[in-house]
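Okay, so here's the structure we're looking at.
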Amino acid sequence: MNRTYNCGILGLGSCLPEKVITNSDLEKMVDTSDEWITKRTGISERRILDEDIPTHKLGVEAAKKALADAGLKAEDLDLIIVTTETPDYLSPSMSCLIQSEIGATKAAAFDLNAACSGFIYGMSVANQFIKSGFYKYVLIIGCEGLSKVTDWKDRNTCVLFGDGAGAVLFGPVEEDYGIITTYTGAAGELGKNITIPCCFIGPQDIEVRTGENKRTLWMDGGEVFKFAVKIMEHAAKKVLEDSGLTMDDIKMIVPHQANIRILEGAAKRLNIPNDKVFSNLYKYGNISSASIPVGLDEAYREKIFSKGDSIILVGFGGGLTWGSAIIKWNK
Ligand SMILES: CC(C)(COP(=O)(O)OP(=O)(O)OC[C@H]1O[C@@H](n2cnc3c(N)ncnc32)[C@H](O)[C@@H]1OP(=O)(O)O)[C@@H](O)C(=O)NCCC(=O)NCCS
Numbered sequence: 005m006n007r008t009y010n011c012g013i014l015g016l017g018s019c020l021p022e023k024v025i026t027n028s029d030l031e032k033m034v035d036t037s038d039e040w041i042t043k044r045t046g047i048s049e050r051r052i053l054d055e056d057i058p059t060h061k062l063g064v065e066a067a068k069k070a071l072a073d074a075g076l077k078a079e080d081l082d083l084i085i086v087t088t089e090t091p092d093y094l095s096p097s098m099s100c101l102i103q104s105e106i107g108a109t110k111a112a113a114f115d116l117n118a119a120c121s122g123f124i125y126g127m128s129v130a131n132q133f134i135k136s137g138f139y140k141y142v143l144i145i146g147c148e149g150l151s152k153v154t155d156w157k158d159r160n161t162c163v164l165f166g167d168g169a170g171a172v173l174f175g176p177v178e179e180d181y182g183i184i185t186t187y188t189g190a191a192g193e194l195g196k197n198i199t200i201p202c203c204f205i206g207p208q209d210i211e212v213r214t215g216e217n218k219r220t221l222w223m224d225g226g227e228v229f230k231f232a233v234k235i236m237e238h239a240a241k242k243v244l245e246d247s248g249l250t251m252d253d254i255k256m257i258v259p260h261q262a263n264i265r266i267l268e269g270a271a272k273r274l275n276i277p278n279d280k281v282f283s284n285l286y287k288y289g290n291i292s293s294a295s296i297p298v299g300l301d302e303a304y305r306e307k308i309f310s311k312g313d314s315i316i317l318v319g320f321g322g323g324l325t326w327g328s329a330i331i332k333w334n335k
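FYI, in the working numbering the residues of the sequence shown are 5 to 335.
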């Protein structure tokens, strides 16, 4: 039988734009208030990239930091996957742009779109390649520029999102460490609840709604909220069951950051205290597939995890999609 390898985290890095948009700034743009946004979402501010800077630049910086953290060179990479629902271009992909800018000459590269669940989907792909020994070093970069598809006149959505990138370098690690299990799922019939138009401009075969300028994000917030709380509970329980662990074995959940009330609702259903659920939502808002790697990077730098800690990652979002994983911290 062929040898299999354990896939774990070798390096992490993130990059957030410097420009901050506060709730008070938004009060001047739409009919809203700092009080409403803070109370209903938990968000105080978000980072926004200048309109004339392409989003993949954030991914380049995050990638360089993850490589430095791992002590590896760009030339060592076998594969780069950028998870994004906001690519700068459909072609070339973000992953090819980043591959070229960091000089990862040996790496294959492709983009993966599973919206806010993208990072978990990417991890599950990396896990298969590394476990089998087919690739050694796989870099996953969650890289998102939601500001570029935001309708800044729509108070229902413009207060929620931000820009950012988080990169995690996966590779072989010692036995019993790294990714224990992953779980991914989708409910395409619910797709109309979060829509961002792209190439197709013919008669719609699903109800794709848009913001004012026809290329912006539209969302039924209430429907997504209900889905998110239920799916976070389901996806976290599924990976616990698959790995034979219980919530007592888990140090922390690092979830996709969409709304503090979603995180608190899921914590309640899972019967765990709110402080067992990592959150940096107040300062970044929802950065789609970048939120889990950025959260992981911050928790790592704040030294929240020790070697051997088991951590649940859980995401949900457009598609609609979801994903979860358990990782035994190996750094
Ligand atoms: C969008 C969201 C914050 C709305 O919060 P909510 O508590 O569900 O809001 P409600 O539906 O109770 O209230 C909506 C009311 O607030 C108003 N409202 C919406 N945005 C507002 C804002 N920024 N400021 C003030 N009022 C606002 C609406 O116009 C509506 O008013 P109406 O009742 O007069 O029509 C919430 O549903 C949410 O976070 N959903 C999930 C979104 C998400 O996570 N998406 C991404 C998943 S990856």
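Ideal Cβ positions, reconstructed from N, Cα and C, are used throughout, including at glycine.
The structure displayed is predicted, hence computed values, not measured ones.
Query                                                                                                                    : Result
Strand pairing of Glu-148, partner residues [DSSP]                                                                       : Gly-168
Contact between the segment 51-58 and the segment 149-159 (3+ Cβ pairs under 8 Å)                                        : yes
Inter-residue CB distance, Ser-293 and Thr-161 (contact presumed, cutoff 8 Å)                                            : Not really, about 17 Å apart at Cβ, beyond 8 Å.
Pair within 8 Å by beta-carbon distance, Ala-169 and Ser-18                                                              : yes
heavy atom of ligand 1 below 7 Å from Asn-290 C-beta                                                                     : yes
Burial state of Leu-62 (16 or more Cβ within 10 Å)                                                                       : buried
Residue environment, Pro-91, which counts as buried when at least 16 other CB atoms sit within 10 Å                      : buried
Alpha-carbon spacing of Phe-138 relative to Ala-108, whole angstroms                                                     : 17 Å
Proximity test, Met-223 beta-carbon vs ligand 1 heavy atom, cut-off 7 Å                                                  : yes
Environment of Ser-97 [buried if 16+ CB atoms lie within 10 Å]                                                           : buried
Closer than 7 Å: Cys-120 CB and nearest ligand 1 heavy atom                                                              : yes
C-alpha distance - Lys-272 paired with Gly-126, whole-angstrom precision                                                 : 28 Å
Cβ neighbours of Ile-254 in the same chain (closer than 6 Å, five flanking residues each side left out)                  : Ser-314, Ile-316
Environment of Glu-148 [buried if 16+ CB atoms lie within 10 Å]                                                          : buried
6 Å Cβ shell around Asn-278 - same chain, five flanking residues per side excluded                                       : Glu-268, Ala-271
Gly-146 to Lys-280 span [Cα, whole Å]                                                                                    : 23 Å
Proximity winner among Lys-287, Ile-264, Ile-257, Ala-67, relative to Ala-329 (alpha-carbon distances)                   : Ile-257
Per-residue DSSP class, three states only, for Arg-265                                                                   : helix
Contact test: His-238 Cβ vs ligand 1 heavy atom, cutoff 7 Å                                                              : no
Residues bridged to Met-127 [DSSP beta-bridge criterion]                                                                 : Per DSSP, none; premise fails for Met-127.
Range of the contiguous beta strand (DSSP E) that encloses Trp-156                                                       : From DSSP, Trp-156 is part of no beta strand (DSSP E); its letter is neither H nor E.
Bounding residues of the beta strand (DSSP E) (the contiguous stretch that carries Gly-340)                              : The requested residue 340 does not occur in the structure, where the chain is confined to residues 5 to 335.
Rounded Cβ spacing between Phe-231 and Asn-263 (contact assumed at less than 8 Å)                                        : The Cβ separation is near 12 Å, so there is no contact.
Neighbour-count burial assignment, Glu-89, 16 or more Cβ in a 10 Å radius                                                : buried
Residues of its chain near Pro-297, where Cβ-Cβ distance is below 6 Å and the 5 sequence neighbours each way are ignored : Phe-123, Gly-146, Gly-170, Val-172
Ligand 1 heavy atom lying under 7 Å from the CB of Gly-192                                                               : no
Inter-stretch contact at 8 Å, needing at least 3 Cβ pairs: the segment 239-254 / the segment 100-115                     : no
Residues near Gly-2 by beta carbon distance below 6 Å, same chain, minus five either side                                : There is no way to answer for residue 2, as the model of the chain reaches only from 5 to 335.
Beta-carbon proximity of Asn-334 to Glu-178, cut-off 8 Å                                                                 : yes
Member of Phe-133, Leu-16, Leu-76, Thr-8 whose CA lies at the smallest distance from the CA of Ala-303                   : Leu-16
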